[in-house]
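A.B. asks: Residue numbers (our numbering): 129 to 212. Note that beta-carbon positions come from the ideal geometry of N, C-alpha and C, so glycine has one too. Keep in mind the model is a prediction, meaning the values are calculated, not measured. A single structure is presented below for examination.
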Amino acid sequence: MDLEAAVSDFLQKVAGNVDLGTRQKIARGFLRFIDDVSERSHIPREAFEHASFVEGTDESGNLTIETRIAAPSRRWADSTEPGP
């Protein structure tokens, strides 16, 4: 599953009662955030395709999304790019 589909599926689960347009805006923002993290940390965007997204709430009751990368992709592991 590609990253866009994974984010879309996750948002459908946690924000299914939110209208489609709003979910799409949230998804675009989340994907921009992932791209920014990828660029700053030198973790290729492809590594996020195997990530799991875990919902939670902060102490104020706001939705939080934790992104877990279980293992880097082979391309990242074999590359000479600096890692985190």
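Given this structure, state the Cα-to-Cα distance separating residue 146 from residue 164, to the nearest angstrom.
C.D. replies: 25 angstroms
A.B. asks: With burial defined as no fewer than 16 other Cβ atoms inside 10 Å of the residue's Cβ, what is the status of residue 133: buried or exposed?
C.D. replies: Classification of residue 133: exposed, given that the 10 Å Cβ count is below 16.
A.B. asks: Output yes or no for whether 8 angstroms exceeds the beta carbon distance between residue 135 and residue 155.
C.D. replies: yes
A.B. asks: Taking DSSP's pairing of strands, which residues face residue 182 in a bridge?
C.D. replies: 194
A.B. asks: Hey, how far is the Cα of residue 139 from the Cα of residue 161?
C.D. replies: 15 angstroms
A.B. asks: Measure the alpha-carbon distance for residue 169 versus residue 142 and round it to whole angstroms.
C.D. replies: When the Cα atoms are used, residue 169 and residue 142 turn out to be separated by approximately 27 angstroms.
A.B. asks: Starting from residue 135, follow the alpha helix (DSSP H) in both directions and report where the run begins and ends.
C.D. replies: 131-142
A.B. asks: Helix, strand or coil for residue 146, going by three-state DSSP, please let me know.
C.D. replies: coil
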